[in-house]
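*Asks:*
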Amino acid sequence: MGFVCSHYFDEPCIYCCISCKSHLSRNDDLKSKSFKGKFGDAFLFDQVVNVKKAEPVLKNMITGQYLVQDITCAQCGSDVGWTYVKSLEEAEKYKEGMYILEVEKICLSKRDGFMRDSSVKESTRGVQSVWTFSRERL
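For the sequence shown, the UniProt record's numbering begins at 1 and goes up steadily by one.
Right, dumping it as structure tokens:
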């Protein structure tokens with residue numbers, strides 16, 4: 001069975017599941033790199049695709065209480081982060097409907113028309129960079 005991805009971004013810079021490379025979000029959807037998750041650093045996105053949501057649960061976090069849903073990659077089932085359903089703190093309402101992707105669980109896929117080593121680290125962002133080949137040339 002080959003790679004199954006219900007949503008595929010045809011863009012030069014995509015955040016993917018580190019386990020199976022399923023597309024999760026676009027660079028344009030990245031809103032902040034200043035978050036912390038269960039596994040360390042995390043990024044805030046306003047749109048994420050190809051994930052499954054768990055049942056909502058109330059969690060106590062550093063900035064208050066939230067109703068959240070854990071999200072897993074729809075392709076391989078890896079835990080990749082969570083989505084904020086509701087904030088009980090007025091100052092944190094902006095997070096509602098947003099997604100957290102754990103840096104340790106994602107990689108950055110860049111398309112430049114050449115195959116590259118998939119273990120290259122991108123030091124300026126702290127995200128593993130994976131280079132993929134596209135049949136279309138930019």
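No residue lacks a Cβ here, since even glycine has one placed at the ideal position from N, Cα and C. Computed from a prediction, not measured in an experiment: that's the story for all the values here.
Between Tyr15, Ile14 and Val51, which has its C-alpha nearest serine 6's C-alpha?
*Replies:* The residue labelled residue 6 in the question sits at position 6 within the sequence shown. The candidate whose alpha carbon is nearest that of serine 6 is Val51.
*Asks:* Just to confirm before moving on: does the CB-CB distance between leucine 44 and isoleucine 100 stay below 9 Å?
*Replies:* Against the sequence shown, residue 44 aligns to sequence position 44. Against the sequence shown, residue 100 aligns to sequence position 100. Yes, Cβ-Cβ distance for leucine 44 and isoleucine 100 is below 9 Å.
*Asks:* Who are valine 51's beta bridge partners in DSSP?
*Replies:* Within the sequence shown, numbered from 1, the residue matching residue 51 stands at position 51. Bridge partners of valine 51: Cys73.
*Asks:* Any heavy atom of the ligand NAP closer than 8 Å to the beta-carbon of alanine 42?
*Replies:* As presented, the structure is devoid of all ligands, the ligand NAP included, so that no description of it is given.
*Asks:* Measure the beta-carbon distance from tyrosine 15 to leucine 108 and round it to whole angstroms, keeping in mind my assumption that it falls under 8 Å.
*Replies:* Here residue 15 refers to the residue found at position 15 when the sequence shown is read from its first residue. Here residue 108 refers to the residue found at position 108 when the sequence shown is read from its first residue. Contact flag correct, Cβ pair sits at about 6 Å.
*Asks:* If we require 3 or more residues per run, which beta strand (DSSP E) segments fall completely within the UniProt domain "Yippee" (13-110)?
*Replies:* Taking only runs of at least 3 residues, the beta strand (DSSP E) segments lying wholly in the UniProt domain "Yippee" (13-110) are 13-17, 23-26, 30-37, 40-45, 51-53, 57-61, 64-73, 79-87 and 99-102.
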